[in-house]
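Residue numbers (my numbering): 49 to 207. For reference, the structure is listed below as structure tokens.
Here it is as structure tokens:
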């Protein structure tokens with residue numbers, strides 16, 4: 049597994065929180081903790097922005113993906129709404145997490161709770177070339193489940 053340098057800055061409201069960290073040698077993501085100052089209740093169906101107390105310098109050519117924690121999703125129905133969220137290499141603000149409660153009961157976020165994980169990933173930028181026509185494939189324009197359903201789909205507006 050390769051390593052890249054990620055510079056971080058701790059904000060005042062994150063003074064006593066653990067740094068984002070990999071929990072095991074094989075973990076792909078670093079856990080992010082909630083930098084709430086008091087317990088924050090998320091009602092069923094509600095969403096909220098939760099601060100982490102840290103800012104990051106993601107190197108050019110990489111992004112930080114903010115992803116759900118599987119235990120929160122399974123046990124409570126709480127997940128990252130825009131998963132995966134992207135932290136771009138030129139962003140210098142605090143990383144916050146949009147949590148949504150898909151569960152049946154209110155969920156409380158407490159200070160220091162691990163609320164999401166952050167995966168560092170390489171990115172490529174596309175160099176778009178507009179063409180009159182595109183080369184055909186066996187699949188064509190069939191999409192939205194067409195490869196597993198046995199249904200050919202209409203092809204119209206399916207990508």
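Positions of the beta carbon are idealized from the N, C-alpha and C atoms, including for glycine. Keep in mind that this is a model prediction, so the values were computed, not measured.
Cβ pair residue 126, residue 155 closer than 7 Å: As a working note, residue 126 is residue 78 in the chain shown. As a working note, residue 155 is residue 107 in the chain shown. Contact: yes.
Assign residue 82 to one of two classes, buried (16 or more other C-beta atoms within 10 Å of its C-beta) or exposed (fewer than that). Indexing the chain shown from 1 puts residue 82 at position 34. Burial call: buried.
Give the DSSP-derived three-state secondary structure of residue 67 in the structure shown. In the chain shown, the residue the question calls residue 67 occupies position 19. Here residue 67 carries a coil assignment [DSSP, helix/strand/coil].
I'd like the span of the beta strand (DSSP E) that includes residue 137, first residue to last. Locating residue 137 in the chain shown gives position 89, where the first residue counts as 1. Segment: none, residue 137 is in no beta strand (DSSP E) and carries neither H nor E.
Grab the span of the alpha helix (DSSP H) containing residue 221 for me, first residue to last. In this structure the chain extends from 49 to 207, so residue 221 is not present and cannot be described.
Does the structure place the segment 155–174 close enough to the segment 109–121 that three or more beta carbon pairs sit under 8 Å? yes
Can you name the start and end residues of the beta strand (DSSP E) that residue 144 belongs to? On the chain shown, position 96 is the one that residue 144 refers to. Taken as a continuous stretch (DSSP letters only), the beta strand (DSSP E) holding residue 144 covers 142–149.
Apart from the five residues on each side of it in sequence, which residues of its chain come closer than 8 Å, Cβ to Cβ, to residue 152? Within the chain shown, numbered from 1, the residue matching residue 152 stands at position 104. 92, 125, listed in sequence order.
I'd like to know whether the C-beta atoms of residue 95 and residue 122 end up nearer to each other than 7 Å. Taking the chain shown and counting its residues from 1, one reaches residue 95 at position 47. Taking the chain shown and counting its residues from 1, one reaches residue 122 at position 74. Their beta carbons are not under 7 Å apart, which means residue 95 does not touch residue 122 by this criterion.
Candidates 145, 59, 138, of which the one nearest residue 97 by Cα: Your numbering for residue 97 matches position 49 in the chain shown. Among 145, 59, 138, the Cα nearest to that of residue 97 is on 145.
How many angstroms separate the CA atom of residue 174 from the CA atom of residue 111? Indexing the chain shown from 1 puts residue 174 at position 126. Indexing the chain shown from 1 puts residue 111 at position 63. In a straight line, the C-alpha of residue 174 is about 15 Å away from that of residue 111.
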